[in-house]
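Written below as structure tokens is the structure these notes are about.
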Amino acid sequence: MTERAPAKRVHIKSYGCQMNVYDAERMTDVLRPLGYGLTDDPEGADLVVLNTCHIREKATEKVYSELGRIKAMKERKAEAGGEMLIAVAGCVAQAEGAEIIRRQSAVDLVIGPQSYHRLPEMIARAHRAAGEMLAADFEAEAKFDALPIERGVAGVTAFLTVQEGCDKFCTFCVVPYTRGAEFSRPSADIEREARGLAQRGVREITLLGQNVNAYRNDAGGGLAALIRRLARIEGLARIRYTTSHPSDMDAALIAAHGEVESLMPYLHLPVQSGSDRILKAMNRSHTVAGYLETIAKVRAARPDIALSGDFIVGFPGETDADFEATLDLVREVGHAAAFSFKYSRRPGTPASAMAGQVPEAVKTERLARLQALLESQQRAFNAAMVGRTVPVLFEKPGRHPGQVIGRSPYLQAVHCAGGGELIGRIAPVTITSAAHMSLGGERARAMA
Ligand code: 5AD
Ligand code: SF4
201 MTERAPAKRV HIKSYGCQMN VYDAERMTDV LRPLGYGLTD DPEGADLVVL
251 NTCHIREKAT EKVYSELGRI KAMKERKAEA GGEMLIAVAG CVAQAEGAEI
301 IRRQSAVDLV IGPQSYHRLP EMIARAHRAA GEMLAADFEA EAKFDALPIE
351 RGVAGVTAFL TVQEGCDKFC TFCVVPYTRG AEFSRPSADI EREARGLAQR
401 GVREITLLGQ NVNAYRNDAG GGLAALIRRL ARIEGLARIR YTTSHPSDMD
451 AALIAAHGEV ESLMPYLHLP VQSGSDRILK AMNRSHTVAG YLETIAKVRA
501 ARPDIALSGD FIVGFPGETD ADFEATLDLV REVGHAAAFS FKYSRRPGTP
551 ASAMAGQVPE AVKTERLARL QALLESQQRA FNAAMVGRTV PVLFEKPGRH
601 PGQVIGRSPY LQAVHCAGGG ELIGRIAPVT ITSAAHMSLG GERARAMA
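Start counting the sequence shown at 201; every next residue gets the next number (the numbering used here).
Here it is in structure tokens:
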């Protein structure tokens, strides 16, 4: 999956103080993983950065006249079929902001000294605006950027990709670089595919997307509208979706959880951290309070919903207090399931260049504590099922003869005595035992 970037050339022209010389080195560092090497000559460069200084009189005017010269180079490069990005950094960028682009439209990005760690994001966005993907030096790691594998042969359950890519640019994540901009498939195509799956016996579909709740169809309808459309397909008894972003949990989707019977009461909604300071450094665009408010609304619409999430421990700068805040959040929410990771430095992402990287031993210790808490919550959630009768969709034979395995509405694996004729059917099961990852039960005559 790894694509080696063709060598690109960046020319950084620094004015003024020693601070700017240092900043130029930092910019060079964060640009290297994107395939950029330094060049002394702006002519023909792929990226020209004017690292400006405000101290001297007429500094701003000098920047504009320099930009005029670089604009001519950009035009020469465009005539030859190439592309040059122009960035204005430093104190003039800070002071003038977007005014620079208004006065000189050849400028692609303006970036203040506080934001150099976001240069990779801004360059990726500028390339996207030009309709081009950035082939960066990211080694893809399936754990973090791949969607679940779609099954070729239709079984009882199937995945259906509805959306790909991501516009969020969380500072730890490679997906916006490796997968590109958010793209949603037309809903008519999705419906056709879903009907085909249902005809082949699929009873449950999971709608997939890196940011699935950012789904927008050609008519502007969101994921809720798509779910309502698919819920009408005959034979399709269960609908799920993953993965969602808290900022895209709109009112329509929340309402659907209370109204669409086949939409299963399970929501995977990553929060990553329980500390607002860390969420901000992660560029997550939501706060702890905002996340909790969303959860409260979802629970109001669907009181029995099972919540799942992703967590990262040891993000750069995470203190003991930040980590404790994550544990507090987990205690408050009560998760039915979760995925948790040690922060891993992905070259080229802004967080990899941040100060305050957390020692491995601290990450290991924090992860163990978080996972112990999450496991106890999952066990409690499962234990609370004992004695209840729930509809189970049977998927496959169990490990022992005379046993079948299915899933509860809450995505728990349920083991039960029964034969192959049950596979593909939904039948009531009374839960008799619970463990960390699965439930045991007996078939019931009817839903209690
Ligand atoms: N380090 C640790 N975890 C990561 N994730 C994504 N990138 C990283 C990283 N660099 C996790 C996030 C995300 C999940 C799919 O993988 O929690 O939600
Ligand atoms: Fe990565 Fe998800 Fe953040 Fe997008 S929203 S950048 S896929 S973690």
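Where a beta carbon is used, it is the ideal one built from N, C-alpha and C, also for glycine.
Kindly list the residues whose CB is nearer than 8 angstroms to the CB of residue i, restricted to its own chain and excluding five residues on each side of it in sequence; keep chain order.
| i | result |
| --- | --- |
| Asp528 | Gly474 |
| Phe383 | Gln363, Glu364 and Gly365 |
| Asn411 | Gln363, Gly365, Cys366, Asp367, Lys368, Glu382, Thr443, Ser444, His445 and Asp448 |
| Arg385 | Thr361, Val362 and Gln363 |
| Arg429 | Ser387 and Glu391 |
| Gln399 | Gly435 |
| Asn413 | Gly422, Leu423, Tyr441, Ser444, His445, Asp448, Met449, Asp450 and Leu453 |
For residue i, which three-state DSSP category applies?
| i | result |
| --- | --- |
| Tyr377 | helix |
| Thr361 | strand |
| Ser384 | strand |
| Gly517 | coil |
| Ser652 | What the structure shows of the chain is the stretch from 201 to 648, and residue 652 is not part of that stretch, so it cannot be assessed. |
| Ser447 | helix |
| Arg499 | helix |
| Ala437 | coil |
| Asp504 | coil |
| Ile405 | strand |
| Arg643 | strand |
| Gly602 | coil |
| Phe607 | Note on identity: in this sequence residue 607 is Arg, with Phe being the wrong assignment. Reduced to three states, the DSSP call for Arg607 is strand. |
| Val657 | No information on residue 657 is available, as it lies outside the stretch 201 to 648 that the chain covers here. |
| Ile512 | strand |
| Arg428 | helix |
| Thr442 | strand |
| Ile623 | coil |
| Val210 | strand |
| Thr494 | helix |
| Ala456 | helix |
| Ala419 | coil |
In chain order, what residues of the same chain have a beta carbon less than 6 angstroms from the beta carbon of residue i, not counting five sequence neighbours either side?
| i | result |
| --- | --- |
| Arg395 | Ile433 |
| Val356 | Arg403, Glu595 and Gly624 |
| Ile631 | Met585, Val586, Arg588, Leu639 and Gly641 |
Ordered along the chain, which non-local residues of its own chain (more than five positions away) have a Cβ less than 7 angstroms from that of residue i?
| i | result |
| --- | --- |
| Arg645 | none |
| Ser447 | Ser485 and His486 |
| Asp241 | His211 |
| Phe539 | Asp510 |
| Ser214 | Asn220, Val221, Ala224 and Asn251 |
| Met273 | Pro242, Glu243 and Met284 |
| Arg415 | The question names Arg, but residue 415 in the sequence shown is Tyr. The residues are Val362, Gln363, Ser384, Gly409, Gly422, Leu423 and Leu426. |
| Val307 | Leu267, Ile286, Val288, Ile300 and Ile301 |
| Val533 | Ile495 and Leu507 |
| Met482 | Cys370, Thr371, Phe372, Gln472, Ser473 and Phe515 |
| Lys497 | Ile454 |
| Ser462 | Ala431, Leu436, Ala437, Arg438 and Ile439 |
| Ala649 | Any answer about residue 649 is impossible in this case: the structure gives the chain only from 201 up to 648. |
| Arg379 | Asp345, Glu364, Gly365, Cys366 and Gln410 |
| Met322 | Leu309 and Ile311 |
| Tyr491 | Pro446 and Val471 |
From the beta carbon of residue i, is the nearest beta carbon of chain B less than 8 angstroms away?
| i | result |
| --- | --- |
| Ile301 | Note that chain B does not occur in the displayed structure, where there is just one protein chain. |
Considering only heavy atoms of the ligand GTP, does any lie closer than 7 angstroms to the CB of residue i?
| i | result |
| --- | --- |
| Val562 | In the structure on display, the ligand GTP does not appear, and the ligands it does have are the ligand 5AD and the ligand SF4. |
Of all the beta strand (DSSP E) runs that stay within the bounds of the region 462-489, which reach a length of 3 or more residues? List check, beta strand (DSSP E) in window: 466-468.
Write down every uninterrupted run of the alpha helix (DSSP H) in the region 282-334 whose length is 4 residues or greater and which is fully enclosed by it, in chain order. 290-296, 299-303 and 319-329
How about the region 545-557 and the region 583-600: do they share at least three Cβ pairs that are nearer than 8 angstroms? no
Kindly provide the ranges of any beta strand (DSSP E) runs that are 3 or more residues long and lie completely inside the region 523-586, ordered along the chain. 539-542
Shell residues, 5 angstroms Cβ cut-off relative to heavy atoms of the ligand 5AD: Phe344, Phe372, Cys373, Pro470, Asp510, Ile512, Phe541, Tyr543, Ser544 and Arg546
If you measure from each residue's Cβ to the nearest non-hydrogen atom of the ligand SF4, which ones come out under 6 angstroms, in chain order? That query returns the following residues: Cys366, Lys368, Phe369, Cys370, Cys373, Val375, Pro376, Gln410, Asn411 and His445.
Taking only runs that begin and end inside the region 212-279, name each unbroken alpha helix (DSSP H) of 4 or more residues, in chain order. 218-231 and 259-279
contact_flag[the region 513-528, the region 489-502] where n(CB pairs < 8 angstroms) is 3 or more: no
The region 570-583 touching the region 258-270, judged by at least three CB pairs closer than 8 angstroms: no
Cβ pair count under 8 angstroms reaching 3, the region 442-459 against the region 424-432: yes
Inspect the CB distances between the region 613-628 and the region 560-571 and report whether three or more fall short of 8 angstroms. no
Report yes or no: do three or more beta-carbon pairs, one from the region 464-481 and one from the region 606-621, lie closer than 8 angstroms? yes
Is it true that the region 224-231 meets the region 312-322, where meeting means three or more beta-carbon pairs spaced less than 8 angstroms apart? Segments in contact, yes.
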